[in-house]
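Novice: At position 60 of the sequence shown (counting the first as 1) the number is 60 in the UniProt record's numbering, and the numbers step up by one without a gap. Ideal Cβ placement from N, Cα and C applies to all residues, glycine included. Remember, it's a predicted structure, so these values are computed and weren't measured experimentally.
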Amino acid sequence: MSDDLIRLRRRSSTAEASSAELKNLRDELAEVYKQKSRNDQSLIEANRKLDQHEAVLSNMTKERDKLLLENKKLCARISELECSLKKATDDKQSLYDEWIALSALLETKTNELMQLQQERLILINKIRDLNEQHANLFNTEVDQQQERRQRRIREEIAKACEDTSRDERANAALQQSTLPTGDVVLGDAVPHEVLSKAEVNEGEVYDVLWLSTDVYASGGSDKRVRIWRVDQRGRPSKMSTLVGCNNAVTRLDFDSESRLLLGASNDHGVRLWNVDNQRLVSSFMGHTDRVSSARFLSTHQVVSGSNDRLIKLWDVRSQRCVRSVFPGSTILDIVGIDRAAATFISGHFDRKLRFWDSRNQEPVHTMEMAGKVTSLNMSSDGVHVLCSTRDDTLSLMDVRKYQTVHIYSAEQYRTSSDLSRCVLSPGMEYCAAGAPDGNIFVWNIQSTKLEKVLHKGGHE
């Protein structure tokens, strides 16, 4: 009985212990479930973060791949730039070496240029001395010719006086005046017939210039300029011959006092003579082609135009070219506008009239004509210029407004040569020009009417 009681107590205590253990196990199981729930939540959070990190990793991988590709391109570009830099460095070194060589060559050439300039100055002085000697030789020849001419005139006068002293009828005739008196003409008059005809040059005559009312100069293909005096009957007598040109004389001009005569020549030069003593004063050489025209701008300044398409300004005192301008076209004629202001007009092969101020390199104004400009003639008041062109017309231009005032033409009139000349009458009433058939056409300035065609007994 006691043993059963003991066993029962043991079972009871064991049951109590099992209940307690079961409770503990249940508590532990509940705790395990809680821990499992927390672990599941942590796992879900970890998976979410893992997905985020994997997305970030994927983006970073793509960015890395992109950067690697860009890096590869940049590396290739760097390599290319390094090659270019190396090439540029080599080129720089080559250019530097070439610069060193060119600097040395420049220094050598500069020294040579200085030496050549010195030689040029020496040659210019020699040329000037030779020109002076040449002029002195011509002047000596002129003096000898003048002396021979005066001696011959004295001999003829002495012989004539001796003959007339023996002839009473000649003495009586000398006491009578046989010279006719001319009519006084006011204004310009149109001639109607040839007053006199004379052969003034051997060959073609290119220009005729009146120095005064009874003295004129002629120049042409015989390389000489001749001075003529006209008597009351219109008959010319030669006063002197100016020599010095080596080719045809193309244009003549005189200074304001009619003491100095200027001549342009086909020998690429311009000559200046003293009319009083027939001496060659200066020779202006510098053009590389025939000089078509030369004019006085002032007593001490000359302008010339040439087929080399250059206009040169010359100082008479130093005999040097002070300025050259390049209009780009052959110059066929030049005329001065105002000698006080040193302005002039040039006519060109490219059909343009260019108005110049001698102080400037570029023309003040340019006008285009209908044809090549062959001749220019300035009015005495400096307001109008007459222009002859190869379209068989003459044009009267107003130099103040740069406008055409009148145009003159005729059915039979032709301008067939670049040497065709035109002229204005002193009173600005008429203008005239020659034609290739030997006729001279005269127009009225204001009405533009063809007044007369001079042909009877004229040029052939």
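Rounded to the nearest angstrom, what separates R149 and I157 at their Cα positions?
Specialist: Numbered from 1 along the sequence shown, position 149 holds the residue referred to as residue 149. Numbered from 1 along the sequence shown, position 157 holds the residue referred to as residue 157. Going from the Cα of R149 to the Cα of I157 covers about 12 angstroms.
Novice: Assuming R309 and P327 form a contact by the criterion Cβ under 8 angstroms, report the distance between their Cβ atoms to the nearest whole angstrom.
Specialist: The residue you call residue 309 lines up with position 309 of the sequence shown. The residue you call residue 327 lines up with position 327 of the sequence shown. Right, their Cβ atoms sit about 7 angstroms apart.
Novice: Please determine, among E257, R154 and G263, the residue with the shortest C-alpha to C-alpha distance to V249.
Specialist: Indexing the sequence shown from 1 puts residue 249 at position 249. The shortest C-alpha separation from V249 is found at G263.
Novice: When the Cα of S292 is compared with those of Q278, N246 and G269, which residue comes out closest?
Specialist: Here residue 292 refers to the residue found at position 292 when the sequence shown is read from its first residue. Closest option to S292, Cα to Cα, is G269.
Novice: What number of angstroms, rounded off, separates the C-alpha of A160 from the C-alpha of S196?
Specialist: Along the sequence shown, read from residue 1 onward, the residue named residue 160 stands at position 160. Along the sequence shown, read from residue 1 onward, the residue named residue 196 stands at position 196. If you take the alpha carbons of A160 and S196, they lie about 26 angstroms apart.
Novice: Could you name the residues of the same chain whose beta carbon sits closer than 6 angstroms to that of D183, not counting the 5 residues immediately before and after it, in chain order?
Specialist: Residue numbering aside, residue 183 sits at position 183 when the sequence shown is read from its first letter. Per-residue confidence for D183 stands at a pLDDT of 39, beneath the threshold of 50, marking its modelled position as unreliable; the derived number appears in the next sentence. So no residue of the chain qualifies.
Novice: Determine the direct distance from the alpha carbon of Q93 to that of S329, and round the result to whole angstroms.
Specialist: Counting from one through the sequence shown, the residue named residue 329 turns up at place 329. Counting from one through the sequence shown, the residue named residue 93 turns up at place 93. Each residue's Cα considered, the two are about 46 angstroms apart.
Novice: Could you check the C-alpha separation between E168 and Q232 for me, to the nearest Å?
Specialist: Locating residue 168 in the sequence shown gives position 168, where the first residue counts as 1. Locating residue 232 in the sequence shown gives position 232, where the first residue counts as 1. Reliability of the predicted coordinates at E168 is poor, the pLDDT of 49 falling under 50, and the value obtained from them is presented with this limitation in mind. So the two alpha carbons sit approximately 27 angstroms from each other.
Novice: Measure the CB-CB distance between M367 and F349 and report whether it falls below 9 angstroms.
Specialist: Here the question's residue 367 lines up with position 367 in the sequence shown. Here the question's residue 349 lines up with position 349 in the sequence shown. Not closer than 9 angstroms, so no.
Novice: Would you call the CB atoms of I345 and M378 closer than 9 angstroms?
Specialist: As a working note, residue 345 is residue 345 in the sequence shown. As a working note, residue 378 is residue 378 in the sequence shown. Their beta carbons are under 9 angstroms apart, which means I345 touches M378 by this criterion.
Novice: Start and end of the beta strand (DSSP E) containing G269?
Specialist: In the sequence shown, residue 269 corresponds to position 269, counting from 1. Element bounds for G269: G269 to N274.
Novice: Following the continuous beta strand (DSSP E) through D357, name the residue where it begins and the one where it ends.
Specialist: Taking the sequence shown and counting its residues from 1, one reaches residue 357 at position 357. Element bounds for D357: K352 to D357.
Novice: Can the beta-carbon of S298 be found less than 9 angstroms from the beta-carbon of R339?
Specialist: On the sequence shown, residue 298 is found 298 positions in, with the first residue counted as 1. On the sequence shown, residue 339 is found 339 positions in, with the first residue counted as 1. It is a contact, given that the beta carbons lie within the stated cut-off.
Novice: So, for Y206: in the same chain, excluding its five sequence neighbours on each side, which residues have a beta-carbon less than 8 angstroms away from its beta-carbon?
Specialist: Within the sequence shown, numbered from 1, the residue matching residue 206 stands at position 206. Cβ within range, chain order: G219, G220, S221, A248, V249, T250, R251 and L419.
Novice: Taking the C-alpha atoms as reference points, what is the distance between D276 and R259?
Specialist: Counting from one through the sequence shown, the residue named residue 276 turns up at place 276. Counting from one through the sequence shown, the residue named residue 259 turns up at place 259. Spanning the two alpha carbons is a distance of roughly 6 angstroms.
Novice: Whole angstroms is fine: what's the gap from A46's alpha carbon to D40's?
Specialist: By 1-based counting over the sequence shown, the position of residue 46 is 46. By 1-based counting over the sequence shown, the position of residue 40 is 40. Rounded to whole angstroms, A46 to D40 spans 9 angstroms at the Cα level.
Novice: According to DSSP, what are the bridge partners of A264?
Specialist: Here residue 264 corresponds to residue number 264 of the sequence shown, with the count starting at 1. According to DSSP, which records beta bridges pairwise, A264 is partnered with R251 and V270.
Novice: If we ignore side chains and look at the alpha-carbon of each, how far apart do I440 and N246 end up?
Specialist: Mapped onto the sequence shown, residue 440 falls at position 440. Mapped onto the sequence shown, residue 246 falls at position 246. So the alpha carbons of these two residues sit roughly 30 angstroms apart.
Novice: The beta strand (DSSP E) spanning H384 covers which residue range?
Specialist: For the purposes of this step, residue 384 is taken as the residue at position 384 of the sequence shown. Per DSSP, H384 belongs to the beta strand (DSSP E) from H384 to T389.
Novice: Quick one: what's Y430 bridged to in DSSP?
Specialist: Locating residue 430 in the sequence shown gives position 430, where the first residue counts as 1. The partner list for Y430 (beta bridge, DSSP) reads N444.
Novice: For R229, which three-state DSSP category applies?
Specialist: Walking along the sequence shown from the start, residue 229 turns up at place 229. Correct three-state label for R229: strand.
Novice: E451: which of D437, G438, Y408 and Q117 sits nearest, CA to CA?
Specialist: Within the sequence shown, numbered from 1, the residue matching residue 451 stands at position 451. Looking at the Cα atoms, Y408 is the closest of the given residues.
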